[in-house]
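Asks:
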Amino acid sequence: MQQLARERYGPTAEETVIAWRRLLAEQRGQPVEQQLAAVNTFFNRRILYELDPVVWNQNDYWATPMEFMGRAAGDCEDFAIAKYMTLLELGVPNERLRMIYVRARTAGAKTEAHMVLGYYENPSDEPLILDNLVTSIRPASRRPDLTPVFSFNSQGLWVAGQSQSSADPTARLSRWREVLDRMKQEGL
(Lines of atoms letter the chains of each structure in order from A; the text may use other names.)
(Lines give C-alpha, C1' and ligand atoms only; values in the text may rest on other atoms or scores of the structure.)
Protein backbone atom coordinates (compact mmCIF):
# COMPACT_ATOMS: atom_id res chain seq x y z
CA MET A 51 0.00 0.00 0.00
CA GLN A 52 2.90 2.30 0.83
CA GLN A 53 4.51 1.79 -2.60
CA LEU A 54 1.16 2.22 -4.33
CA ALA A 55 0.63 5.51 -2.48
CA ARG A 56 4.05 6.76 -3.61
CA GLU A 57 3.50 5.67 -7.22
CA ARG A 58 0.02 7.18 -7.53
CA TYR A 59 0.24 10.26 -5.32
CA GLY A 60 3.86 11.00 -4.40
CA PRO A 61 6.03 11.16 -1.28
CA THR A 62 3.56 13.06 0.92
CA ALA A 63 0.96 10.34 0.39
CA GLU A 64 3.56 7.71 1.18
CA GLU A 65 4.34 9.50 4.47
CA THR A 66 0.62 9.54 5.33
CA VAL A 67 0.34 5.80 4.69
CA ILE A 68 3.45 5.20 6.83
CA ALA A 69 1.83 7.23 9.64
CA TRP A 70 -1.42 5.26 9.17
CA ARG A 71 0.47 1.95 9.45
CA ARG A 72 2.15 3.28 12.61
CA LEU A 73 -1.29 4.16 13.99
CA LEU A 74 -2.45 0.60 13.31
CA ALA A 75 0.62 -0.86 15.04
CA GLU A 76 0.25 1.41 18.07
CA GLN A 77 -3.51 0.93 18.49
CA ARG A 78 -3.81 -2.81 17.84
CA GLY A 79 -4.95 -4.47 21.08
CA GLN A 80 -5.78 -1.19 22.84
CA PRO A 81 -9.22 -0.55 24.43
CA VAL A 82 -11.82 0.30 21.80
CA GLU A 83 -12.47 3.79 23.25
CA GLN A 84 -8.79 4.60 22.75
CA GLN A 85 -8.87 3.20 19.21
CA LEU A 86 -11.94 5.29 18.34
CA ALA A 87 -10.29 8.48 19.61
CA ALA A 88 -6.95 7.77 17.91
CA VAL A 89 -8.52 6.98 14.53
CA ASN A 90 -10.90 9.95 14.68
CA THR A 91 -8.05 12.31 15.57
CA PHE A 92 -5.68 10.86 12.95
CA PHE A 93 -7.97 11.58 10.02
CA ASN A 94 -9.51 14.81 11.35
CA ARG A 95 -6.06 16.38 11.87
CA ARG A 96 -4.24 14.96 8.87
CA ILE A 97 -6.81 15.26 6.06
CA LEU A 98 -8.41 18.43 4.71
CA TYR A 99 -12.19 18.59 4.35
CA GLU A 100 -12.96 19.46 0.75
CA LEU A 101 -15.95 18.83 -1.51
CA ASP A 102 -15.85 16.22 -4.29
CA PRO A 103 -15.98 18.67 -7.23
CA VAL A 104 -12.73 20.20 -5.96
CA VAL A 105 -10.94 16.93 -5.10
CA TRP A 106 -12.30 14.56 -7.75
CA ASN A 107 -13.90 16.85 -10.34
CA GLN A 108 -17.16 14.91 -9.77
CA ASN A 109 -20.35 15.77 -7.90
CA ASP A 110 -20.30 12.66 -5.68
CA TYR A 111 -17.31 10.34 -5.35
CA TRP A 112 -16.66 7.91 -2.50
CA ALA A 113 -12.90 7.54 -2.09
CA THR A 114 -11.05 4.51 -0.80
CA PRO A 115 -8.82 5.14 2.23
CA MET A 116 -5.81 5.01 -0.15
CA GLU A 117 -7.32 7.63 -2.46
CA PHE A 118 -8.35 9.75 0.53
CA MET A 119 -4.89 9.64 2.11
CA GLY A 120 -3.30 10.08 -1.32
CA ARG A 121 -5.14 13.30 -2.08
CA ALA A 122 -4.99 14.38 1.60
CA ALA A 123 -8.49 15.77 1.11
CA GLY A 124 -12.05 14.53 0.93
CA ASP A 125 -15.61 15.01 2.05
CA CYS A 126 -17.63 13.46 4.86
CA GLU A 127 -18.15 10.08 3.16
CA ASP A 128 -14.39 9.74 2.68
CA PHE A 129 -13.72 10.48 6.35
CA ALA A 130 -16.38 7.96 7.46
CA ILE A 131 -15.13 5.21 5.10
CA ALA A 132 -11.49 5.67 6.12
CA LYS A 133 -12.36 5.56 9.83
CA TYR A 134 -14.59 2.51 9.29
CA MET A 135 -11.93 0.55 7.39
CA THR A 136 -9.20 1.53 9.86
CA LEU A 137 -11.25 0.37 12.85
CA LEU A 138 -12.00 -2.91 11.07
CA GLU A 139 -8.24 -3.32 10.50
CA LEU A 140 -7.77 -2.81 14.25
CA GLY A 141 -10.18 -5.66 14.95
CA VAL A 142 -13.31 -3.74 15.90
CA PRO A 143 -16.20 -6.05 14.93
CA ASN A 144 -18.07 -5.01 11.80
CA GLU A 145 -21.45 -5.30 13.54
CA ARG A 146 -20.39 -2.47 15.89
CA LEU A 147 -19.65 0.00 13.09
CA ARG A 148 -22.04 1.74 10.71
CA MET A 149 -21.75 4.68 8.42
CA ILE A 150 -24.74 6.88 9.16
CA TYR A 151 -26.28 9.12 6.53
CA VAL A 152 -27.76 12.11 8.36
CA ARG A 153 -29.35 15.48 7.80
CA ALA A 154 -27.07 17.95 9.58
CA ARG A 155 -28.41 21.29 10.76
CA THR A 156 -25.97 24.05 10.03
CA ALA A 157 -25.95 27.78 10.67
CA GLY A 158 -29.30 29.38 10.01
CA ALA A 159 -31.23 26.12 10.59
CA LYS A 160 -30.37 24.93 7.07
CA THR A 161 -29.92 21.15 6.72
CA GLU A 162 -27.36 19.37 4.57
CA ALA A 163 -26.67 15.76 3.71
CA HIS A 164 -23.77 14.49 5.81
CA MET A 165 -22.19 11.17 6.76
CA VAL A 166 -20.64 10.15 10.08
CA LEU A 167 -19.39 6.89 11.54
CA GLY A 168 -21.31 5.31 14.40
CA TYR A 169 -19.87 2.89 16.94
CA TYR A 170 -22.47 0.65 18.62
CA GLU A 171 -21.41 -1.30 21.70
CA ASN A 172 -24.55 -3.40 21.03
CA PRO A 173 -26.79 -3.19 17.93
CA SER A 174 -29.68 -1.57 19.82
CA ASP A 175 -27.48 0.86 21.78
CA GLU A 176 -27.14 4.54 21.10
CA PRO A 177 -24.06 5.00 18.89
CA LEU A 178 -21.01 7.09 19.58
CA ILE A 179 -20.52 9.49 16.67
CA LEU A 180 -17.18 9.98 14.91
CA ASP A 181 -17.43 13.08 12.74
CA ASN A 182 -15.08 15.27 10.76
CA LEU A 183 -17.01 18.48 11.54
CA VAL A 184 -17.46 18.08 15.31
CA THR A 185 -14.20 16.44 16.28
CA SER A 186 -15.07 15.24 19.79
CA ILE A 187 -16.67 11.79 19.94
CA ARG A 188 -20.13 12.10 21.46
CA PRO A 189 -23.18 9.88 21.95
CA ALA A 190 -25.83 10.50 19.29
CA SER A 191 -28.12 12.06 21.92
CA ARG A 192 -25.51 14.80 22.37
CA ARG A 193 -25.62 15.59 18.65
CA PRO A 194 -29.05 17.22 18.23
CA ASP A 195 -27.75 18.78 15.02
CA LEU A 196 -27.89 15.34 13.32
CA THR A 197 -31.04 13.55 12.16
CA PRO A 198 -30.30 9.98 11.02
CA VAL A 199 -31.83 8.80 7.75
CA PHE A 200 -30.20 5.39 7.29
CA SER A 201 -27.03 3.55 8.23
CA PHE A 202 -24.99 0.78 6.64
CA ASN A 203 -21.85 -1.29 6.78
CA SER A 204 -20.62 -4.18 4.65
CA GLN A 205 -23.21 -6.49 6.26
CA GLY A 206 -26.45 -4.54 6.21
CA LEU A 207 -28.52 -1.44 5.60
CA TRP A 208 -30.75 -0.01 8.33
CA VAL A 209 -33.49 2.60 8.09
CA ALA A 210 -33.30 5.10 10.96
CA GLY A 211 -34.76 3.69 14.16
CA GLN A 212 -34.59 0.02 13.14
CA SER A 213 -32.33 -2.51 14.82
CA GLN A 214 -32.69 -5.13 12.06
CA SER A 215 -31.01 -4.78 8.67
CA SER A 216 -33.52 -4.19 5.89
CA ALA A 217 -31.34 -4.83 2.83
CA ASP A 218 -28.01 -5.82 1.34
CA PRO A 219 -26.04 -2.55 1.21
CA THR A 220 -24.13 -3.50 -1.94
CA ALA A 221 -27.40 -4.08 -3.78
CA ARG A 222 -28.89 -0.74 -2.73
CA LEU A 223 -25.83 1.53 -2.63
CA SER A 224 -23.88 1.45 -5.89
CA ARG A 225 -21.21 3.87 -4.64
CA TRP A 226 -20.59 1.61 -1.63
CA ARG A 227 -20.23 -1.41 -3.93
CA GLU A 228 -17.83 0.53 -6.16
CA VAL A 229 -15.62 1.69 -3.28
CA LEU A 230 -15.50 -1.85 -1.85
CA ASP A 231 -14.37 -3.15 -5.26
CA ARG A 232 -11.65 -0.50 -5.53
CA MET A 233 -10.44 -1.25 -1.98
CA LYS A 234 -10.05 -4.92 -2.93
CA GLN A 235 -7.94 -3.89 -5.93
CA GLU A 236 -5.75 -1.81 -3.60
CA GLY A 237 -5.26 -4.73 -1.23
CA LEU A 238 -7.45 -3.49 1.63
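For the sequence shown, this note's numbering begins at 51 and goes up steadily by one. Note that beta-carbon positions come from the ideal geometry of N, C-alpha and C, so glycine has one too. None of these values were measured; they are calculated from a predicted model.
#1: Which class does A113 belong to by DSSP, given the choice of helix, strand or coil?
#2: To the nearest whole angstrom, what separates the beta carbons of V82 and V142, a pair I think is in contact under 8 Å?
#3: Assuming G120 contacts A63 (C-beta within less than 8 Å), just tell me the rounded distance between them.
#4: Closest to R232 by C-alpha separation, out of I97, L101, Q85 and I131, would be which residue?
#5: Would you mind working out which of R155, A157, K160 and N144 sits nearest G168, comparing C-alpha positions?
#6: Out of E139, Q205 and A210, which one is the CA nearest neighbour of Q85?
#7: Do you know how far the Cα of L223 is from the Cα of G206?
Replies: According to the structure data:
#1: Reduced to three states, the DSSP call for A113 is coil.
#2: Yes, they are in contact, since the Cβ atoms of V82 and V142 sit about 6 Å apart, within 8 Å.
#3: Indeed, because the Cβ distance is near 4 Å, the residues count as touching under 8 Å.
#4: In terms of CA proximity to R232, I131 leads the group I97, L101, Q85 and I131.
#5: Closest option to G168, judged by alpha-carbon separation, among R155, A157, K160 and N144: N144.
#6: Per the Cα distances, E139.
#7: When rounded, the distance between both Cα atoms is 11 Å.
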